[in-house]
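Peer 1:
Structure below.
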């Protein structure tokens with residue numbers, strides 16, 4: 008039974024979640040130098056630039072037939088890349104705005120609500136999930152509450168932005184689910200970043216006061232977030248979601264929050280409470296349950 012287990016997709020999505028979780032420190036430090044949209048602009052442009060030589064090298068390895076087929080998909084590729092880039096621009100900046108008005112833990116919990124939103128939206132798209140996936144989502148939701156929420160829950164100004172962010176990231180996952188089987192994932196990721204970077208740049212000049220000296224001073228966090236968190240991780244997400252259940256993908260990607268907590272414990276020596284540990288355990292159980300193959304009759 009394990010011979011048919013698909014390990015490539017979950018491994019890539021798991022690695023993307025780990026990179027995002029470990030990049031929290033870089034993103035936090037970057038905010039000490041530049042404003043949020045400026046940071047998003049810089050990291051997105053870096054992410055797109057990093058993928059250009061990758062596209063060139065991968066293109067050299069393709070057969071003439073594969074190159075010809077790729078040329079036929081240019082319109083779909085452009086639509087997919089721009090669509091993903093527009094949604095990523097809206098989602099990432101909505102998250103940055105929301106974080107300014109609420110706690111990090113609350114922001115993490117509300118953003119993680121996409122693990123519920125994606126399967127609900129999937130019902131309308133005729134992509135229904137079995138009981139095992141819904142149980143996994145429920146367990147993960149309880150885990151996120153224990154991990155992120157300290158104290159009571161009340162809806163405030165920043166929470167509206169974060170709810171919008173959760174919906175937008177849900178659409179981002181579903182758009183990737185639609186386009187990733189049809190086009191080259193690395194090329195679509197590259198177009199996505201340049202789209203997000205250009206749109207962020209326009210808003211940056213309208214709403215913020217970018218300073219080149221400050222951007223250069225933040226070169227470390229920008230490169231880390233641009234190369235790894237953007238260029239590598241989002242590309243892993245696009246390639247990893249190819250022909251893969253989007254709800255299961257959201258559970259794997261949601262491990263970003265767990266990895267951020269564990270990274271803070273391992274690198275920054277931040278203490279973990281029993282409540283947070285139970286939250287991590289429940290989320291891991293949910294992910295493992297979602298990965299278990301369904302029983303098939305002989």
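Numbering (the working numbering), first residue to last: 8 to 305.
Yeah, the Cβ is synthetic: ideal placement off N, Cα and C, and Gly gets one too.
Go through the segment 184 to 215 residue by residue and report every complete run of the alpha helix (DSSP H) that reaches 4 residues or more, in order.
Peer 2: Runs found: 192 to 214.
Peer 1: Beta-carbon within less than 7 Å of residue 259's beta-carbon, same chain only, minus the 5 sequence neighbours each way: which residues are those?
Peer 2: Cβ within range, chain order: 17, 20, 21, 24 and 294.
Peer 1: For a test of the three-state rule: what should DSSP assign to residue 51, helix, strand or coil?
Peer 2: Correct three-state label for residue 51: helix.
Peer 1: How would you label residue 7, buried or exposed, when you count the other beta carbons within 10 angstroms and need 16 or more for buried?
Peer 2: No answer is possible for residue 7: it lies beyond the span of the chain, which begins at 8 and ends at 305.
Peer 1: Starting from residue 21 and walking both ways along the alpha helix (DSSP H), at which residues does that stretch end?
Peer 2: Element bounds for residue 21: 15 to 29.
Peer 1: Return the CA-CA distance between residue 87 and residue 193, expressed in angstroms with no decimal places.
Peer 2: Rounded to the nearest angstrom, the two C-alpha atoms are 12 Å apart.
Peer 1: What span of residues does the alpha helix (DSSP H) with residue 247 cover, start to end?
Peer 2: From DSSP, the alpha helix (DSSP H) with residue 247 extends over 240 to 247.
Peer 1: Which whole-angstrom value describes the C-beta separation of residue 348 and residue 175, a residue pair presumed to lie in contact below a C-beta threshold of 8 Å?
Peer 2: Given a span of 8 to 305 for the chain in the structure shown, any question on residue 348 remains unanswerable.
Peer 1: Give the single residue among 140, 134, 151 and 165 whose Cα lies nearest to the Cα of residue 181.
Peer 2: Of the listed residues, the one whose Cα sits closest to residue 181 is 134.
Peer 1: Taking three-plus beta-carbon pairs below 8 Å as touching, is the segment 280 to 290 in contact with the segment 34 to 49?
Peer 2: Judged by Cβ distances under 8 Å, the segment 280 to 290 makes no contact with the segment 34 to 49, as fewer than three pairs qualify.
Peer 1: What does a CB cutoff of less than 7 Å around residue 168 pick up in its chain, not counting 5 residues either side in sequence?
Peer 2: Cβ neighbours of residue 168 beyond the five flanking positions: 101, 104 and 105.
Peer 1: For the alpha helix (DSSP H) that residue 107 lies in, which residues bound it at each end?
Peer 2: Per DSSP, residue 107 belongs to no alpha helix (DSSP H) and is neither H nor E.
Peer 1: For residue 201, which residues in the same chain have their Cβ closer than 6 Å to its Cβ, ignoring the five residues on either side in sequence?
Peer 2: Only 55 meet the Cβ criterion.
Peer 1: Could you check which residue in 96, 14, 89 and 28 has the C-alpha nearest to that of residue 208?
Peer 2: Nearest option by C-alpha distance: 96.
Peer 1: Return yes when the Cβ of residue 150 is within less than 8 Å of the Cβ of residue 290, no when it is not.
Peer 2: Yes, the pair counts as a contact, with Cβ atoms nearer than the cut-off.
Peer 1: Could you compute how far the alpha carbon of residue 85 sits from the alpha carbon of residue 262?
Peer 2: About 30 Å.
Peer 1: Once the 5 residues before and after residue 29 are set aside, which same chain residues still bring their CB inside 7 Å of it?
Peer 2: For residue 29, where only same-chain residues beyond five positions count, the Cβ hits under 7 Å are 266 and 270.
Peer 1: At the level of alpha carbons, what is the spacing between residue 119 and residue 173?
Peer 2: About 7 Å.
Peer 1: Does the beta-carbon of residue 286 have 16 or more other beta-carbons within 10 angstroms, so that it is buried, or is it exposed?
Peer 2: Result: buried.
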